[in-house]
Amino acid sequence: MDWIRWISIVLVMNCGLGSLYSLGHTAEVTDAGTWKTYTNTRFGFSVRYPPDWRPGNPTPGGTGITFSPPTEDTQVALFGFMNVIEGNSPDRRQTLEEFVMAHRRIITELFEKKHIKVSWETDHPTKLGGFDAKRLTFTYRSNTNTEMREIHIMSVGRNEGRGVRIKIPASDTGMMIPLVMKLLETYQPGRDQNAVSPFAPARGDQPSTPPR
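Right, dumping it as structure tokens:
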């Protein structure tokens, strides 16, 4: 059951990998006063996003949403999740480091099943909505032989976590990242990630080494 939870989180991050539309113009760091607002009703987090970013359908369970900017092959996904797997925190939940290790491992395994080599860059500490977070970055070649870069930013509280997934062609990194960083400045985490959870940490078939 714990493995299923992990796969569910990863699939939420990777949902909507189908074709994206392109309007043939570059992203610009525009006045955020014209931006629209998205609020997630399940976890309460919110963000402002450019008006030309197309919001997709909500992810399964209402955990988040994927935006498609007009830049081709680019996606930005935001999501929340429950921290219900046993770990080494004082509450016996997973710590941020344990979650990151598990996340990295599962991403690598999923890509290996597709015979795609993943190259990981150095992790960096950061903040997401004021909470301590980690930024993971990796590159790979798509099925069209385009070099892609993905940036995953995740925070983990005693009860819940929040995440952001950025998928861009490596050649567009310099153009898109300033716009994404401006978007993240508007991010609000919603309800308290450290509130006392009604769930007991899960055990069972949890992998012996912390999942990515």
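Take 103 as the starting number for the sequence shown in our numbering and just add one per residue.
Virtual Cβ for every residue (Gly too), placed ideally from N, Cα, C.
Only a predicted model underlies this, so the values are computations on that prediction, with no experimental measurement involved.
- Message: Please classify D294 as buried or exposed, where buried requires at least 16 other C-beta atoms within 10 Å of its C-beta.
- Response: With a threshold of 16 other beta carbon atoms within 10 Å, D294 falls short and is exposed.
- Query: Which residues share a DSSP beta bridge with W155?
  - Reply: DSSP output for W155 lists no bridge partner at all.
- Task: State whether the stretch 167–179 contacts the stretch 209–225, with contact taken as three or more CB pairs (one from each stretch) at a distance under 8 Å.
- Result: Judged by Cβ distances under 8 Å, the stretch 167–179 makes no contact with the stretch 209–225, as fewer than three pairs qualify.
- Task: Measuring alpha carbon to alpha carbon, tell me which of L230, S170 and T246 ends up nearest I255.
- Result: Out of L230, S170 and T246, the CA that lies nearest to the CA of I255 is found in L230.
- Query: Around the C-beta of W222, are 16 or more other C-beta atoms found within 10 angstroms, so that it is buried, or is it exposed?
  - Reply: With a 10 Å radius around the Cβ and a threshold of 16 neighbouring Cβ atoms, W222 comes out exposed.
- Can you check the stretch 184–269 for any alpha helix (DSSP H) of at least 4 residues that lies completely inside it and give the ranges in chain order? The qualifying runs are 198–215.
- Residues that Q177 bridges to, as DSSP identifies them: K269, per the DSSP bridge assignment.
- Message: If we define contact as Cβ-Cβ less than 7 Å, is H254 a contact residue for chain D?
- Response: No chain D is part of this structure, which consists of one protein chain only.
- Exposure of M250, with buried meaning 16 or more beta-carbon neighbours within 10 Å: M250 is buried by the Cβ-count criterion.
- Message: In whole angstroms, give me the CA-to-CA distance for N296 and F181.
- Response: Distance between the alpha carbons of N296 and F181 is about 17 Å.
- Assign G182 to one of three DSSP states: helix, strand, or coil. Strand at G182.
- Buried or exposed: Q196, going by 16 or more other Cβ atoms within 10 Å of its Cβ? Buried is the call here.
- CA nearest to the CA of R144, picked from R264, T275, F169 and P280: Minimum Cα-Cα distance from R144 among the listed residues R264, T275, F169 and P280 corresponds to R264.
- Distance between P152 and M203 (C-alpha atoms, nearest Å): Looking at the two C-alpha atoms, the distance is approximately 32 Å.
- Message: Within the continuous alpha helix (DSSP H) that includes G166, where are the two ends?
- Response: Boundaries for G166: no alpha helix (DSSP H) harbours it, while the beta strand (DSSP E) harbouring it runs G166 to S170, taken from the DSSP string.
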